[in-house]
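Working notes, structure below.
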Amino acid sequence: MKTIKDKIAKLSFVALLLAVTSAMFYTPTASAHGEKSQAAFMRMRTIHWFDLNWSKDEVSVNETMTISGKFHVFAGWPETVDKPDVAFLNIGIPGPVFIRAGSWIGDQLVPRSVSLELGDTYDFKVLLKARRPGDWHVHTMMNVEGGGPIIGPGKWVTITGSMGDFVNPLTTLTGDVIDLEDYALDNVYFWHALWMGIGLAWLLFWFKRPMFIPRHIAITSGKADTLISAGDKKVAIAFAVGTMGLVMMSMGATNDKYPITTPLQAGLMRGMVPIDLPETSITVKVEDASYRVPGRAMQMTLTITNDGDSAVRLGEFMTASVRFLDPDVLEDESGYPDDLLAEEGLTVSDNSPLAPGETRTVEVTASDAAWEVYRLADLIYDPDSRFAGLLFFFDEEGTRQMIMVDAPLIPTFI
Amino acid sequence: MSASQSAVRSRAEAVQVSRALDWMILFTLFTAVLGGYHIHYMLTGGDWDFWTDWKDRRLWVTVAPIVSITFPAAVQSMLWYRYRLPFGAVVAVMALMIGEWINRYLNFWGWTYFPVNFVFPSNLVPGAIVLDVVLMLSGSFILTAVVGGLAYGLLFYPGNWPIIAPLHVPVEYNGMMFTLADLQGYHYVRTGTPEYIRMVEKGTLRTFGKDVAPVSAFFSGFVSIIIYFLWHYFGRWFNKTDFVDPADI
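Those sequence lines, one after another, are chains A and B.
Residue numbers are given in the numbering used here: position 323 of the first sequence equals residue 310, and the series is strictly consecutive.
Residue numbers are given in the numbering used here: position 52 of the second sequence equals residue 106, and the series is strictly consecutive.
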């Protein structure tokens, strides 16, 4: 009986090892960036990305594409997230599959962190150069110090070609033309190989003689002083002097070879210029808002006043990069990612043109599976149960006005 | 053969077994130090060692020696105290650097495709050789800490300058000046490493104008002295054999 038990135990152990080993060979591609798992309020009440455009869906290696658009820094920024006094316009891609050839806020190149103002809206553009073939989900992204990454919408882009063809040519201020992709790589290998060779020589000098047991016996029997000979000391001095000499000589030679070097460039960039948006002539008051869990729908009661001189209609509600459109008013022609677009997701109880000077209270419903798919429904579990988003109104000529809304949200479970 | 009999029957066999044990112990020591030291250094030196755009003349110079003199001090105390072997620092540093190269080549380049000229590790060998030689010549841990620790900090920057200097050549890009290392950090996108977490060129050390690297190196050397003492005693503590009952040997 015991033998059978032992055999079962052994076989189980072997099976476990095989399972663990085979699991190591299963490495599926990770395609997402955790955009759905970020707290809903972070996506709703921080940075609102809109008017986005991915210039291409497919590029070949070395070809460039841009992501451009606008982002609004929400005035009702949550208390639990540090304000964007230090922020960095990033790009959400799986490693350097593109290189970031440029990024701008307004007209300002922003290679470093910037300071953003709450309530302002900025133009941005990111220029990407394709490097590694594959299908990649390319997101807009803003990192905020103390807040973490705030990821925007993502769109699939295909890179074709071979990474071996990628080049990143530059001309330095000293007039050298280089390829940053492999610049100075031989130099890195050379110095590391040289110093590791010297280190290995020092080790081999000691490894070639008996080490642990005989030396331990010698020490415990009081003969420790005999273990280091005068010859050993001479060799050691040669190593030390040679090391210091090589360090000094190589530093001197390097300074001769590269007489002009500068320190790393760092520091916060202030004074980002926002878009000068015209005054809005529409005011919106959120009377109440609720999220109906079974229906995956958010309902708002809005009192809208039009103080402008042309009639307007509500065409879009956008929150956390999900766009709910009223198809009678607005159709998307920008190629916005399908999974983030509810083309018929916005229903307004009375969306007839709101005449100048008129005030109307309407029921607005934003419903789509995206509430669930993008885990925005988790908003009801947030510590500060509020929602926020952008409302876009359009007049007959297509002129757009953007209104922010920010109000408490009550979940309904039945 | 009973338990009380010797496992070897001649001096030649004893020598052979002793050498076999040497290599087994060395292999175990090397891989254990490689793993432990690598994790320690990634957690404490981390980004300063990963990326060229973190390798500045202030904080990299200061932090890297302080956090990397740890395992060399501990391994030295064990190898010298027990065996009078003066290669503890070099074996530790070589283990770390081999581990780092495996990581940088297979993971940073092979897996995530960051160019190797952006992610190569720091060179720690010059300081380690001097640390070992000072211990061997002086036979004193105090002198090794004071002289060797200081030298370890001082040699770090010049020992790495030939490797990083080409990447500190300036370049004009879209109307701004960068070093090539800055541009590597900007071009090769790190989604999880925004620019603001880069701890470079920060601090109030402005009195010395552009020559801050030597001051940073001296400061690093001084702190390395203290860290050397601390980790020397960690090494001693881990080498204790109090738990072995002599009667059982």
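Virtual Cβ for every residue (Gly too), placed ideally from N, Cα, C.
Please read all numbers here as calculations on a predicted model, not as lab measurements.
Along the chain, where does the beta strand (DSSP E) that runs through residue i open and close?
i: A/S268; result: A/S268 -> no beta strand (DSSP E), and no H or E assigned at all.
i: A/L157; result: 156 to 158
i: A/Q286; result: 284 to 293
i: A/Y109; result: 108 to 117
i: A/W143; result: 135 to 147
i: A/D166; result: 164 to 166
i: A/V392; result: 387 to 395
i: B/Y227; result: 224 to 227
i: A/I78; result: 74 to 79
i: A/W36; result: 34 to 41
i: A/A88; result: 85 to 92
Skipping 5 residues on each side, what residues in its chain have a beta carbon closer than 7 Å to that of residue i?
i: A/L317; result: G302, E303, F381
i: B/I49; result: A query on residue 49 of chain B cannot be resolved here, the shown segment of chain B reaching from 55 to 303 and no further.
i: A/E359; result: R283
i: A/F153; result: V48, N49, R118, E168
i: B/A68; result: V62
i: A/D296; result: P343
i: A/D369; result: A26, A27, F28
i: A/G93; result: Y109, D110, M259, V260
CB-CB under 8 Å to residue i, same chain, minus the five flanking residues each way: which ones, in chain order?
i: A/A276; result: M285, Q286, M287, T288, F374, A394, P395, L396, I397
i: A/S321; result: D38, L39, N40
i: A/V280; result: A364, I367, P398, T399, F400
i: A/P140; result: W36, L39, H126, T127, S308, Y323, P324, L327
i: A/D294; result: S268, I269, T270, P343, G344
i: A/F58; result: I34, H35, W36, F37, T108, Y109, F111, T127, M129, G139
i: B/R112; result: V254, E255, K256, G257, L259, V266, A267, S270
i: A/N338; result: R300, L301, D313, D315, V316, V349
Please report the residue range of the alpha helix (DSSP H) in which residue i lies.
i: B/R65; result: 65 to 98
i: A/H179; result: 172 to 194
i: B/I156; result: 142 to 156
i: A/V1; result: -11 to 11
Mind listing the chain B neighbours of residue i? Cutoff is C-beta to C-beta under 7 Å, in chain order.
i: A/G93; result: By Cβ distance, chain B contributes nothing, its closest Cβ being about 14 Å from A/G93, past 7 Å.
i: A/N174; result: I217, P220
i: A/T230; result: P180, I183, V184
Based on Cα-Cα distance, which residue from the options lies nearest to residue i?
i: A/S149; options: A/V113, A/V46, A/L251; result: A/V46
i: A/L366; options: A/A307, A/E330, A/E383; result: A/A307
i: A/F400; options: A/R362, A/Y278, A/S336, A/I54; result: A/Y278
i: A/G186; options: A/N49, A/F226, A/D212, A/K(-11); result: A/F226
i: B/R158; options: B/A146, B/T295, B/P175; result: B/P175
i: A/T346; options: A/A74, A/I269, A/I165; result: A/I269
i: A/I137; options: A/E22, A/Y170, A/K221, A/I262; result: A/E22
Enumerate in chain order the residues of its own chain whose CB-to-CB distance from residue i is below 6 Å, with the five nearest sequence positions on each side excluded.
i: A/S372; result: L396
i: A/V68; result: G134
i: B/V223; result: L234
i: B/W163; result: V170
i: A/T352; result: A284, Q286, T334
i: B/E127; result: A quick correction: the sequence has Ala, not Glu, at residue 127 of chain B. These residues qualify, in order along the chain: Y282, W285, H286.
i: A/Y145; result: It should be noted that the sequence gives Thr, not Tyr, for residue 145 of chain A. Closer than 6 Å at the Cβ level, and outside the excluded window around A/T145, lie E45, D122.
i: B/Y206; result: P119, I123, G181, L185, S278
i: A/V164; result: T158
Mind pulling the chain A residues with CB within less than 9 Å of residue i?
i: B/G229; result: L96
i: B/F174; result: L172, V175, Y176, H179
i: B/V170; result: D169, L172, V175, Y176
Anything in chain A within Cβ reach of residue i, meaning under 7 Å, just list it in chain order.
i: B/A235; result: L251
i: B/V179; result: W182, M183, I185, G186
i: B/E249; result: F75, R99, S100
i: B/G213; result: V234
i: B/E255; result: P250, L251, A253
Residues of chain B with CB under 9 Å from residue i, in chain order?
i: A/T159; result: V223, P224, V225, E226, L234
i: A/E303; result: None at all; the shortest Cβ gap to chain B is about 29 Å.
i: A/K70; result: Neighbours of A/K70 on chain B: none; closest Cβ ~13 Å, over 9 Å.
How would you list, in chain order, the residues of chain B whose beta-carbon sits under 8 Å from the beta-carbon of residue i?
i: A/Y245; result: A219, P220, H222, V223
i: A/N155; result: H241
i: A/A211; result: R138
Could you list which residues in chain A have their beta carbon closer than 8 Å to that of residue i, in chain order?
i: B/A305; result: The requested residue 305 of chain B does not occur in the structure, where chain B is confined to residues 55 to 303.
i: B/Q238; result: L167
Exercise for the section: Would you check if there are 3 or more beta carbon pairs closer than 8 Å linking the segment 249 to 262 of chain A to the segment 97 to 109 of chain A? Expected result: They touch, by the three-pair rule.
Handout entry: Inter-stretch contact (C-beta, 8 Å, three-pair minimum) for the segment 229 to 247 of chain B and the segment 206 to 213 of chain B
Key = Using a C-beta cut-off of 8 Å, the segment 229 to 247 of chain B makes no contact with the segment 206 to 213 of chain B, since fewer than three inter-stretch Cβ pairs fall below that distance.
Practice task
Could you say if the segment 126 to 139 of chain B and the segment 196 to 205 of chain A meet the contact criterion of at least three C-beta pairs nearer than 8 Å?
Solution key: yes
Practice task
Could you say if the segment 240 to 253 of chain B and the segment 74 to 91 of chain A meet the contact criterion of at least three C-beta pairs nearer than 8 Å?
Solution key: yes
Handout entry: contact_flag[the segment 53 to 72 of chain A, the segment 109 to 123 of chain A] where n(CB pairs < 8 Å) is 3 or more
Key = As far as the Cβ criterion goes, the segment 53 to 72 of chain A touches the segment 109 to 123 of chain A, which means the pair count is three or higher.
Handout entry: Inter-stretch contact (C-beta, 8 Å, three-pair minimum) for the segment 139 to 148 of chain B and the segment 185 to 202 of chain B
Key = yes
Problem - the segment 161 to 180 of chain B in contact with the segment 103 to 115 of chain B per 3-pair CB rule at 8 Å - result: yes
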